[in-house]
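Chemist: Numbering (our numbering), first residue to last: 2 to 448.
Note that CB positions come from ideal geometry on N, CA and C, so glycine has one too.
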Amino acid sequence: MSSLHENAPSLLASLGDADPEAAELLNLEMLQDANSLNLMAQENYATKAVWAASEAPIKTQEGYPGKRYHAGLQHADAMERLSRSGTLANIYVYTALMKPGDVVMGLELSHGGHISHGYKTPTRPISETAYRFNPVHYHVDLDTGLIDYNGLESLAKQHRPRIITVGGSAYSRLIDYQRVRDIANQVNALLHCDMSHFCGLVAAGAIPSPFPFCDLVTTTTSKTFRGPDAAIIFYKTWMAEEINRTIFPRFQAGNDQPHIIALAVALLQAQTEESKQQQRLVIECAQTLHQRLASYGYQFMAGGTDTHLMLIDLRNGQVEARRVERVMELANMYCNQNYVAGDKGKCSGIRLGANPMVFRGMRNPEFVQIGDLVHQAIEITKRLSSDAIARAKERNLDAPTSFKVFTDYVADGNADEPLVTLRNKVKTMARKFPPPWTAIERYSSFQ
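(1) With burial defined as no fewer than 16 other Cβ atoms inside 10 Å of the residue's Cβ, what is the status of A14: buried or exposed?
(2) What is the DSSP secondary structure of V219, reduced to helix, strand or coil?
(3) What residue range does the beta strand (DSSP E) around F235 cover?
(4) Indicate the three-state DSSP secondary structure (helix, strand or coil) for I176 in the structure shown.
(5) I'd like to know whether the C-beta atoms of F360 and N151 end up nearer to each other than 8 Å.
(6) Taking DSSP as the reference, what is the three-state secondary structure of T422?
(7) Are the beta-carbon atoms of A97 and G201 separated by less than 8 Å?
(8) Reducing DSSP to helix, strand and coil, say where P437 ends up.
(9) Quick one: what does DSSP say Y139 is sitting in, helix, strand or coil?
(10) Taking all protein chains shown into account, do 16 or more other C-beta atoms lie within 10 angstroms of the C-beta of F235, making it buried, or fewer, making it exposed?
(11) With E9 and L16 assumed to form a contact (beta carbons below 8 Å), what rounded beta-carbon distance in angstroms separates them?
(12) Check the C-beta distance from G354 over to A42 and give it rounded, since I have them as a contact under 8 Å.
(13) How big is the Cα-Cα spacing for A157 and A90?
(14) Reducing DSSP to helix, strand and coil, say where M334 ends up.
(15) Can you tell me the Cα-Cα spacing of D373 and H291, whole angstroms?
(16) According to DSSP, is M363 helix, strand or coil?
(17) Let's test the definition: count the other Cβ atoms within 10 Å of the Cβ of R227 and tell me whether it reaches 16, buried, or not, exposed.
(18) Below 6 Å CB to CB, which residues in the same chain sit around G168 once its five sequence neighbours on both sides are set aside?
(19) How would you write the range of the beta strand (DSSP E) that D34 sits in, first residue to last?
(20) Using a Cβ-Cβ cutoff of less than 7 Å, which residues in the same chain neighbour C348 once the five nearest sequence positions on both sides are dropped?
(21) Where does G350 fall in DSSP's three states?
(22) Judging by CA-CA distance, which residue of G119, A263, Q258, T429 is the nearest neighbour of S37?
(23) Between the region 98–112 and the region 121–138, do three or more beta carbon pairs fall short of 8 Å?
(24) Looking only at its own chain, which residues have a Cβ that is under 8 Å from the Cβ of T48, when we skip the five neighbours before and after it?
(25) What would DSSP say about G304, mapped onto helix, strand or coil?
(26) Quick check on R133: buried or exposed, where buried means 16 or more other Cβ atoms within 10 Å of its Cβ?
(27) Measuring alpha carbon to alpha carbon, tell me which residue in K121, L331, A204, I184 is nearest A416.
(28) Going by C-alpha to C-alpha distance, which of K345, E395, M334, I381 sits closest to M358?
(29) Using only the alpha-carbon positions, how far apart do S210 and A185 sit?
(30) Do the region 209–225 and the region 176–184 make contact, defined as three or more Cβ pairs closer than 8 Å?
(31) Rounded to a whole number of angstroms, what is the C-alpha to C-alpha distance between D20 and N28?
(32) Can you pull the DSSP bridge partners for C194?
(33) Under three-state DSSP, which class holds V105?
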């Protein structure tokens with residue numbers, strides 16, 4: 002009898018042999034990760050056990066446990082029952098429980114909300130929610146940066162929404178669920194929480210839970226939760242038929258079973274005291290980073306953070322957020338430019354998250370150092386911006402203050418000694434706290 006390798010050698014070929022270009026790109030990505038400080042609030046590192054489960058060679062299936070359209074899925078059924086299950090989760094909920102044209106209320110994107118909560122511009126809808134339904138957005142108080150609950154109540158009474166959504170992607174303070182529950186009751190609306198960004202913190206009991214107050218809760222399972230790239234919808238039993246029918250067969254067919262079993266693993270690990278302590282540390286380290294940056298005079302939306310993220314307000318700092326993002330990228334520090342309340346065009350904020358680096362082992366002393374490094378990057382950005390404008394004017398270039406002039410001038414950063422020095426500091430620090438994937442044998446060579 003011939004071996005599998007003899008009959009189909011490509012099945013057992015390594016990635017490097019099967020596709021050298023893909024292998025090289027993966028190598029570059031992982032080398033970059035190991036040499037960088039990941040401050041992206043929406044990112045994280047899954048555990049070794051979650052990775053192992055998510056790569057399992059499990060067969061495809063359609064339907065729900067016990068009601069499949071394929072045979073031989075009894076173990077897949079058991080795995081899905083073990084876990085019981087983004088943007089799609091929000092769309093599924095809205096579609097299942099609203100009619101086209103119904104009003105859905107969510108926090109305005111530039112005030113900390115999420116694009117899936119009905120984002121639209123003055124001229125056209127952007128998210129699928131805005132195409133299907135009638136989004137009305139509430140806001141934060143521009144003086145405090147906190148949700149304007151009085152304004153939310155007034156809008157709810159005026160527009161009578163079917164669903165009120167709380168949660169977002171750049172709101173750093175705790176949500177007053179009881180207040181919004183009372184408002185929802187006044188207008189007979191369902192209350193929905195999208196806790197994708199802070200799910201891990203809720204699971205650990207590090208911040209208040211939305212569950213006692215909400216009719217629906219959706220969440221992705223990566224970010225602070227450290228699970229696979231998946232999502233969960235929690236709903237009241239009377240919604241089950243509509244939501245399940247909306248997911249399958251309306252939007253989805255085959256399930257991603259490896260991610261389902263990986264989610265089960267993540268849910269189990271989230272119950273451990275070690276995981277809960279790490280989530281508490283995420284908040285503590287985020288607050289340390291905020292305090293260090295505040296000591297340099299930086300202003301923050303909502304004045305700080307109660308969660309894993311913060312939003313630096315650069316409107317009074319004489320520097321564009323996208324320029325800071327670019328310089329930090331060249332210095333191997335990863336963040337993202339973000340709208341702050343009141344922005345009409347370009348983003349004026351830089352969003353930072355503590356979660357990835359906490360799970361790489363960093364603690365409060367390291368986050369003080371990160372604050373210093375971020376400050377250095379912003380100062381370098383200011384100087385490079387001035388230098389780029391001066392040089393462009395000398396050469397009589399069009400639009401000397403443009404972002405293109407800036408990026409052309411900075412290039413890859415290798416010509417600027419302070420930027421190179423900053424990058425080397427970041428690399429040295431990052432390599433002391435390697436990503437958890439370096440402990441997985443087949444990835445260890447990438448570091």
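Modeler: Result, derived from the coordinates:
(1) Looking up residue 14 in the sequence shown gives position 13. With fewer than 16 Cβ atoms within 10 Å of its Cβ, A14 is classed as exposed.
(2) Along the sequence shown, one-based indexing puts residue 219 at 218. Here residue 219 is Thr; the residue named in the question, Val, does not match the sequence. Note: T219 maps to strand in three-state DSSP.
(3) Locating residue 235 in the sequence shown gives position 234, where the first residue counts as 1. Run containing F235: 232–236, per the beta strand (DSSP E) assignment.
(4) Position 175 of the sequence shown, counting from 1, holds the residue named residue 176. In this structure, I176 counts as coil in the three-state DSSP scheme.
(5) For the purposes of this step, residue 360 is identified with residue 359 of the sequence shown, where counting begins at 1. For the purposes of this step, residue 151 is identified with residue 150 of the sequence shown, where counting begins at 1. Result no, Cβ atoms of F360 and N151 do not sit closer than 8 Å.
(6) Stepping through the sequence shown from its first residue, residue 422 is reached at position 421. Note: T422 maps to helix in three-state DSSP.
(7) Taking the first residue of the sequence shown as 1, we reach residue 97 at position 96. Taking the first residue of the sequence shown as 1, we reach residue 201 at position 200. The answer is no: Cβ separation not under 8 Å.
(8) Locating residue 437 in the sequence shown gives position 436, counting from the first residue. In the structure shown, P437 sits in a helix (DSSP, three-state: H, G or I).
(9) Indexing the sequence shown from 1 puts residue 139 at position 138. Strand, per DSSP.
(10) Counting from one through the sequence shown, the residue named residue 235 turns up at place 234. Buried.
(11) Taking the first residue of the sequence shown as position 1, residue 9 is located at position 8. Taking the first residue of the sequence shown as position 1, residue 16 is located at position 15. Position check: residue 9 holds Ala in this sequence, whereas Glu was assumed. In fact, because the Cβ distance is near 17 Å, the residues do not count as touching under 8 Å.
(12) The residue you call residue 354 lines up with position 353 of the sequence shown. The residue you call residue 42 lines up with position 41 of the sequence shown. Indeed they touch by this definition, with Cβ atoms about 3 Å apart.
(13) To locate residue 157, count along the sequence shown from 1; it is residue 156. To locate residue 90, count along the sequence shown from 1; it is residue 89. Each residue's Cα considered, the two are about 23 Å apart.
(14) Locating residue 334 in the sequence shown gives position 333, where the first residue counts as 1. Strand, per DSSP.
(15) By 1-based counting over the sequence shown, the position of residue 373 is 372. By 1-based counting over the sequence shown, the position of residue 291 is 290. Using only the alpha carbons, I get a separation of about 11 Å.
(16) Taking the first residue of the sequence shown as position 1, residue 363 is located at position 362. Three-state DSSP puts M363 in coil, outside helix and strand.
(17) The sequence position of residue 227 within the sequence shown is 226, counting from 1. Buried is the call here.
(18) As a position in the sequence shown, residue 168 is number 167, starting the count at 1. Here the set comprises C194, D195, M196.
(19) Locating residue 34 in the sequence shown gives position 33, counting from the first residue. Looking at the DSSP string, D34 is not in any beta strand (DSSP E); the run it does join, the alpha helix (DSSP H), is 21–35.
(20) In the sequence shown, residue 348 corresponds to position 347, counting from 1. Excluding residues within five positions, the ones whose Cβ falls inside 7 Å are A322, R323, Q338, N339, Y340.
(21) Along the sequence shown, one-based indexing puts residue 350 at 349. Strand at G350.
(22) Against the sequence shown, residue 37 aligns to sequence position 36. The residue with the shortest Cα to Cα distance from S37 is T429.
(23) yes
(24) Working through the sequence shown from its first residue, we reach residue 48 at position 47. Closer than 8 Å at Cβ, skipping near neighbours: R227, V266, A267, Q270, P437.
(25) Locating residue 304 in the sequence shown gives position 303, where the first residue counts as 1. The answer is helix: DSSP assigns G304 an H, G or I state.
(26) Taking the first residue of the sequence shown as position 1, residue 133 is located at position 132. R133 comes out buried.
(27) Taking the sequence shown and counting its residues from 1, the one referred to as residue 416 is at position 415. Comparing Cα positions, the closest option is L331.
(28) To locate residue 358, count along the sequence shown from 1; it is residue 357. Among K345, E395, M334, I381, the Cα nearest to that of M358 belongs to M334.
(29) Residue numbering aside, residue 210 sits at position 209 when the sequence shown is read from its first letter. Residue numbering aside, residue 185 sits at position 184 when the sequence shown is read from its first letter. So the alpha carbons of these two residues sit roughly 17 Å apart.
(30) yes
(31) Taking the first residue of the sequence shown as 1, we reach residue 20 at position 19. Taking the first residue of the sequence shown as 1, we reach residue 28 at position 27. Cα to Cα, D20 sits roughly 12 Å from N28.
(32) Sequence index remark: in the sequence shown, residue 194 carries index 193 (1-based). C194 pairs with V167, V218.
(33) Within the sequence shown, residue 105 is the residue found at index 104, counting from 1. Three-state result, V105: strand.
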